[in-house]
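Under this note's numbering, the sequence shown has 4 at position 14, and the numbering climbs by one with no breaks.
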Amino acid sequence: MKVYKIVFTHMFELTGKTPTELIEEAKDEEQPYIKNEKIIFKSLDDRKITSYLYNYYNFLNEKNLAVDTVGSYMSAVRAFYNEYDIQLPKPIKIDNPKLLIREGNIPNIDDVRKGVESTNNIRNKGIILFLATSGVRIGDLVNFKIQDFVEATKEYHNSNNIDELLQMKNTNNIIPIWYFISAKTRKKAIFV
-9 MKVYKIVFTH MFELTGKTPT ELIEEAKDEE QPYIKNEKII FKSLDDRKIT SYLYNYYNFL
51 NEKNLAVDTV GSYMSAVRAF YNEYDIQLPK PIKIDNPKLL IREGNIPNID DVRKGVESTN
111 NIRNKGIILF LATSGVRIGD LVNFKIQDFV EATKEYHNSN NIDELLQMKN TNNIIPIWYF
171 ISAKTRKKAI FV
């Protein structure tokens, strides 16, 4: 609701119209009219809603807002009009440049070591090491359970009990194989 309040305030600044007036105006412009004994439908390009959306986009860009903020405000305006079945122009393409990943932005082995050494919590150490060595996304990690670890290491033991698994010797040669469905891509994935 906070986003809509911001958007409606902006739209009032730009148009001098309340949300109700904006909807009434948009509905009126969708209605056909007669000119020279012909039924005319006003082109979407000639409707005020089109200029309002472009003016609003420019207004937001002049405020130097983040690209995602501009996108969410524009989506809110479109959702508002869509709720009243108002025909809209095509969405304005918002350039969202991808960040260039440079060598200094990627954690190296020393960064991982510092992360592990900075916590006394064994769980956090395990999370840092697992993420650094497996390539698993953090969104997928939160879905892993202890039973998944037991399953991933089943070639090396005959137990479904985590306590027995933790008592194993020579664990340096264990290579877990994780089978799961990625939360981001919704595709089957394997991590070793």
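Idealized CB from N, CA, C, for every residue including glycine.
* Just to confirm, are L119 and P79 a CB contact at a threshold of 9 Å? -> No.
* **Nearest to N45 (by Cα), restricted to the options F31, I76, V(-3)** => V(-3)
* To do: Could you check the C-alpha separation between L43 and K(-5) for me, to the nearest Å?
  => 17 Å
* Asked: DSSP three-state call for F170: helix, strand or coil?
  -> strand
* Exposure label - I39; buried when at least 16 CB within 10 Å -> buried
* Give the single residue among V126, E93, E141, E52 whose Cα lies nearest to the Cα of T175. => Among V126, E93, E141, E52, the Cα nearest to that of T175 belongs to V126.
* Looking at I82 and Y47, is the spacing between their C-beta atoms short of 9 Å? -> yes
* **Straight-line Cα distance separating T109 from K115** => 7 Å
* To do: Would you mind working out which of A16, N162, E145 sits nearest Q77, comparing C-alpha positions?
  => For the residues A16, N162, E145, the minimum Cα distance to Q77 belongs to A16.
* Asked: DSSP three-state call for Y23: helix, strand or coil?
  -> If DSSP states are grouped into helix, strand and coil, Y23 belongs with the strands.
* To do: Mark Y63 as exposed unless 16 or more other C-beta atoms lie within 10 angstroms of its C-beta, in which case mark it buried.
  => Counting C-beta atoms within 10 angstroms of its own C-beta, Y63 has 16 or more neighbours from the protein chains shown and is therefore classed as buried.
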